[in-house]
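Chemist: Numbering (the working numbering), first residue to last: 384 to 641.
Heads up, the beta-carbon is just placed ideally off N, CA and C, and yes, glycines get one too.
Take a look at this one; I'll ask things after.
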């Protein structure tokens, strides 16, 4: 009998978010599922890891074809725990992260714990994809996303992904016109540390920001998302800017010889 695919699921919104529960349900249609997700909200943790304090993990749910674990650390800790302990003897056929409550398009990718888990999986040679919806509503409607997630995951399970490549998929919050493969939009956050006075004395600060897209390209993920399309950005974990290597060599390799 053919072995069922093994699918690893994680996120940054915690084990108890609606988004991950939808993703788990969909992945169980394809194979055996192991979930390791943070115990608490870990949004914006990016690629942070826990190295100076204990990491605790607990088996929270177990049934045929499913094991769900809660972990005290970050999304990347979840992937490392899977690779080095829980799934040490068998590499997953697929890593999926999400469904994130909030867009991870454009510059948001670099802050995302969800996408950091995807990058970590990719670095470990696992075909990896992150899913997000452009809504921070904790009860967001994911029904429009489901057929796309099924088709994307089926394609990856059947044909894999090129080594070093992972996918960042974002959905609009509502009906979807179709899917477009895009580039990452150029953008930035105009931020402020808003000061508050505590009723217990002293001051504290909360980060606030306004998103600014600098990219008018019709192929930019943010723009396509705003037009009602699901977006897919192929990403790689090699940060090298090969186009500038010769220029940088000419500027800096002879610095000590002068």
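(1) Check this for me: beta carbons of residue 565 and residue 603, under 8 Å apart or not?
(2) Along the chain, where does the beta strand (DSSP E) that runs through residue 551 open and close?
(3) DSSP state of residue 489, grouped into three classes?
(4) In whole angstroms, what is the alpha-carbon distance linking residue 613 and residue 516?
(5) Given a cut-off of 8 Å on the beta-carbon distance, is the pair residue 605 and residue 596 in contact?
(6) Where does the unbroken beta strand (DSSP E) through residue 477 begin, and where does it stop?
(7) By the three-class DSSP mapping on this structure, what secondary structure does residue 605 have?
(8) Could you pull the start and end residues of the alpha helix (DSSP H) that residue 497 belongs to?
(9) So which of 583, 594, 464, 419 has the shortest CA-CA distance to residue 573?
(10) For a test of your reading of the model: does the CB of residue 426 fall under 7 Å from any non-hydrogen atom of the ligand ZN? Yes or no.
(11) Relative to the C-alpha of residue 448, which residue among 407, 465, 428, 520 is closest?
(12) Please state whether the Cβ-Cβ distance between residue 416 and residue 390 is less than 8 Å.
(13) Mind checking residue 631: buried by the 16 CB within 10 Å criterion, or exposed?
(14) Apart from the five residues just before and just after residue 568, which ones in its own chain have a Cβ nearer than 7 Å to its Cβ?
(15) At the level of alpha carbons, what is the spacing between residue 634 and residue 624?
(16) Taking just the CA atoms, how far does residue 387 sit from residue 428?
Modeler: Working from what's here:
(1) For residue 565 and residue 603, yes; Cβs fall inside 8 Å.
(2) 548–554 is the span of the beta strand (DSSP E), which, as asked, contains residue 551.
(3) Secondary structure at residue 489: helix, using DSSP grouped into helix, strand and coil.
(4) Taking the straight line joining both Cα atoms gives about 9 Å.
(5) Judged by their CB atoms, residue 605 and residue 596 are nearer to each other than the 8 Å cut-off.
(6) Start and end: 477–484.
(7) Three-state result, residue 605: helix.
(8) Under the DSSP assignment, residue 497 falls in the alpha helix (DSSP H) whose first and last residues are 496–506.
(9) Comparing Cα-Cα distances from residue 573 to each of 583, 594, 464, 419, the minimum goes to 594.
(10) Ligands are entirely absent from the displayed structure, and the ligand ZN is therefore not among its contents.
(11) When each option's Cα is compared against that of residue 448, the closest is 407.
(12) Cβ atoms of residue 416 and residue 390: closer than 8 Å.
(13) Classification for residue 631: exposed.
(14) The beta carbon of residue 568 lies closer than 7 Å to those of 488, 489, 596, 598, 603, 604, 605, 606 in the same chain, with the five residues before and after it left out.
(15) The straight-line gap from Cα to Cα measures roughly 15 Å.
(16) Cα to Cα, residue 428 sits roughly 32 Å from residue 387.
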